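Working notes, structure below.
There are 2 protein chains.
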Amino acid sequence: MSQLRLITRTTNQRQVIYDYVQGASLSHPTAEHIFRAVRKKLPRISFGTVYRNLLALEQQGLIVSLFYAKEHARYDALVDNHYHFVCEKCDKVENISLEEMQEINKQISRRHGVQVHSHRLYFYGLCSDCSKIKKV
Amino acid sequence: MSQLRLITRTTNQRQVIYDYVQGASLSHPTAEHIFRAVRKKLPRISFGTVYRNLLALEQQGLIVSLFYAKEHARYDALVDNHYHFVCEKCDKVENISLEEMQEINKQISRRHGVQVHSHRLYFYGLCSDCSKIKKV
DNA sequence: GTAATTGCAAACGGTTTGCGATCTC
DNA sequence: GAGATCGCAAACCGTTTGCAATTAC
Numbered sequence: 000m001s002q003l004r005l006i007t008r009t010t011n012q013r014q015v016i017y018d019y020v021q022g023a024s025l026s027h028p029t030a031e032h033i034f035r036a037v038r039k040k041l042p043r044i045s046f047g048t049v050y051r052n053l054l055a056l057e058q059q060g061l062i063v064s065l066f067y068a069k070e071h072a073r074y075d076a077l078v079d080n081h082y083h084f085v086c087e088k089c090d091k092v093e094n095i096s097l098e099e100m101q102e103i104n105k106q107i108s109r110r111h112g113v114q115v116h117s118h119r120l121y122f123y124g125l126c127s128d129c130s131k132i133k134k135v
Numbered sequence: 000m001s002q003l004r005l006i007t008r009t010t011n012q013r014q015v016i017y018d019y020v021q022g023a024s025l026s027h028p029t030a031e032h033i034f035r036a037v038r039k040k041l042p043r044i045s046f047g048t049v050y051r052n053l054l055a056l057e058q059q060g061l062i063v064s065l066f067y068a069k070e071h072a073r074y075d076a077l078v079d080n081h082y083h084f085v086c087e088k089c090d091k092v093e094n095i096s097l098e099e100m101q102e103i104n105k106q107i108s109r110r111h112g113v114q115v116h117s118h119r120l121y122f123y124g125l126c127s128d129c130s131k132i133k134k135v
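Here it is in structure tokens:
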């Protein structure tokens, strides 16, 4: 997330990493899974290379990362059911009062044969203050 | 998340931390925000105490933590829109194909005067394998 | 008095980064 | 050849933890 450049060269490492993630997509591998698997073909590869390439692939839109905690943990004493909106510019977090979506848990449980107990839903965008500002 | 005990004593530290989080709930403070604020009343308090009490308060259901990444980052080469289900027992991640919920972004934008660009939605529960097992 | 809790400081662990060497184009 | 990328190792940083001292009950 800290690097912005999109310049890209097709290195062997990047290709092997992408091939593995694509083939193993259904298992949703972690960086360590990927590292271990790719090291079988490229024994000298390092974690740094894996992370840098995963970031590059994500920036190219070829893969997606899940549960990536760019945000720090935050705490809320309002424990009733509500959701949260995160401003991507100023990091403000706002409460979103939405009609509870318990039905959706049941719907997913039925369709996928799983037992859904809870869900987490976050919205991202620009808050009202930040969306006013056109130029800085 | 690693501690399970619920035994609780009302210490001054815990009370001050809870009071602050409750009063500052709308700002959704981070652990560091809380640490800095609480230190004004309790100059000798440590980060360890803050984190331990936030965990205790969460286990008592008095506060809620957001964006807490218990999961490692995971990668997915299926970049079309879909959601994910996480088994809380075996950590398996499954794809959830759900009709796109773009309308919900518009709805939130309208109600809250913000510009929602995206949302993240995760489901948690027991996968079909783990929900079969009654006893181990 | 006993056990939970604290303050301190060190450890943890996933991720990032600086650097000289290497590879892509 | 220029500069993106690699391998290596150290740094980063939010969070956790071991331990002796303190505190709540």
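Protein sequence lines, in the order shown, are assigned to chains P and F. Residues in the first sequence are numbered from 0 upward in steps of one, following numbering that gives the first Met the number 0. Residues in the second sequence are numbered from 0 upward in steps of one, following numbering that gives the first Met the number 0. Idealized CB from N, CA, C, for every residue including glycine. Here the structure is a predicted model, which is why all the values come from computation and not from measurement.
- A residue is called buried once 16 or more other Cβ atoms fall within 10 Å of its Cβ, and residue 102(F), having fewer, is exposed.
- A straight-line Cα-Cα distance of about 44 Å links residue 63(P) and residue 8(F).
- Residue contact check for residue 8(F) against chain P: no CB pair falls below 7 Å.
- From the listed residues 88(P), 11(P) and 80(P), the smallest Cα separation to residue 129(P) is found for 88(P).
- In its chain, beyond the 5 residues on either side, 46, 49, 50 and 53 have a beta carbon closer than 8 Å to the beta carbon of residue 30(P).
- Taking a Cβ-Cβ cut-off of 9 Å, the neighbours of residue 130(F) in chain P comprise 112, 113 and 114, given in sequence order.
- One thing to note: residue 117(F) has its Cβ no nearer than 7 Å to the Cβ of residue 19(P).
- For the 7 Å CB-CB criterion, residue 73(P) and residue 92(P) form a contact.
- The C-alpha of residue 126(P) lies about 14 Å from the C-alpha of residue 25(F).
- For chain F, the residues of the stretch 21–39 of chain P that bring a beta carbon within less than 9 Å of one of its beta carbons are 21, 22, 23, 24, 25, 26, 27, 28, 29, 30, 31, 32 and 33, in chain order.
- Going by beta carbons, residue 121(F) and residue 110(P) fall outside the 7 Å limit.
- Per DSSP, the continuous beta strand (DSSP E) segment holding residue 86(P) begins and ends at 82–86.
- Taken through DSSP and simplified to helix, strand or coil, residue 75(F) comes out as strand.
- Listed as beta-bridge partners of residue 119(F) by DSSP are 121(P).
- Under the DSSP assignment, residue 24(P) falls outside any beta strand (DSSP E); it carries neither an H nor an E label.
- Within a 10 Å sphere around the beta-carbon of residue 28(F) sit 16 or more other beta-carbons, which makes this residue buried.
- Exposure of residue 11(F) is indicated by the presence of fewer than 16 other C-beta atoms within 10 angstroms of its C-beta.
- Note: residue 64(F) is bridge-paired with 74(P) in the DSSP secondary-structure output.
- For residue 96(F), the CB contacts under 7 Å within the same chain, skipping 5 residues up- and downstream, are 81 in chain order.
- Nearest to residue 32(P) by C-alpha distance, out of 43(F), 66(F) and 75(F), is 75(F).
- For residue 33(P), the enclosing alpha helix (DSSP H) starts and ends at 30–40.
- The three-state secondary structure of residue 92(F), taken from DSSP, is strand.
- Cα atoms of residue 115(F) and residue 43(P): separation of roughly 43 Å, rounded to the nearest angstrom.
- Residue 114(F) is bridged by DSSP to 125(P).
- Residues of chain F whose Cβ lies closer than 9 Å to the Cβ of residue 93(P) are, in chain order, 25, 27, 111 and 113.
- Collapsing the DSSP output to three states places residue 45(F) in coil.
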